[in-house]
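Heads up: the sequence shown at position 103 corresponds to 103 in full-length UniProt numbering, and the numbers run straight through without jumps. Ideal placement from N, C-alpha and C gives every residue a C-beta, glycine not left out. Computed from a prediction, not measured in an experiment: that's the story for all the values here. Below is one structure, written out as structure tokens, with a few remarks after it.
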Amino acid sequence: MFLAVDPPAPAVSDLDRALQPLRPTPGAPRWTPTSRWHLTLAFLDEVPAPLLTPLRAAVAPAVARTPPMSLQLAGGGRFGSRRRPSVCWVGLGGDVPELTALAGRLSAAARAVGLPVEDRPFRAHLTVGRWRPGQPADGDLPDRLAGYRGPVWPVREVVLWRSHLGPEPRYERTAAWPVG
1 MFLAVDPPAP AVSDLDRALQ PLRPTPGAPR WTPTSRWHLT LAFLDEVPAP
51 LLTPLRAAVA PAVARTPPMS LQLAGGGRFG SRRRPSVCWV GLGGDVPELT
101 ALAGRLSAAA RAVGLPVEDR PFRAHLTVGR WRPGQPADGD LPDRLAGYRG
151 PVWPVREVVL WRSHLGPEPR YERTAAWPVG
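If you want it as structure tokens, here you go:
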């Protein structure tokens, strides 16, 4: 499970169009389907059923304290080195400090109910592709997104998603809280 903000359809469509020329590039990553584009704020792994209700209760005030925010998908980058990239991502502009503070509150809420949460700094990004180890990889490809600026959009809600992995991964919306 994970807590996320989802970009709206116009932002997703705009970024999808911007990525079209990069998709067939030799050494491109395996592109993530747009249906799986989420701005993950806290990754929770599997949440035991008895902790779902306390988690929902703990997340509600963390989200309620969030002021209205606007974001914009902007720029690009990679995790991993240029020679061995692992993740191709698009960055964010707009109210990123507020989003970062929200991510911190969500992680604290999850820890408060006994859930383990990754202990690393939050980096606002949208994963758009992953390179497979041992496959040819163009680590310079994300640099071609440096000038990208998508439409500005208001953050409307935080969503708790359950991921179902397998040959056809899918996400199930479990709960949502309004922002602002």
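| Item | Value |
| --- | --- |
| Quick one: Cα of Leu41 to Cα of Leu115, how far? | 15 Å |
| With DSSP collapsed to three states, give me the class of Gln135. | coil |
| For the pair the region 151–158 and the region 66–75, tell me if three or more CB-CB distances fall below 8 Å. | yes |
| Could you give the distance in angstroms between the alpha-carbon of Pro50 and the alpha-carbon of Pro61? | 20 Å |
| Mind checking who Leu71 pairs with in its DSSP beta bridge? | Gly94, Trp153 |
| Spell out a yes or no on whether the region 82–97 and the region 158–173 are touching, meaning 3 or more CB-CB pairs, one atom from each, closer than 8 Å. | no |
| Report buried or exposed for Thr66, applying the criterion of at least 16 other Cβ atoms within 10 angstroms of its Cβ. | buried |
| Look at the alpha carbon of Gly129 and the alpha carbon of Ala110, and state the distance between them as a whole number of angstroms. | 27 Å |
| From the DSSP output, which residues share a beta bridge with residue 181? | The question about residue 181 has no answer here: the residues shown for the chain are numbered 1 through 180. |
| In three-state DSSP terms, what is Arg83? | coil |
| Around the Cβ of Pro133, are there at least 16 other Cβ atoms within 10 angstroms (buried) or fewer (exposed)? | exposed |
| Cα separation between Arg30 and His38? | 17 Å |
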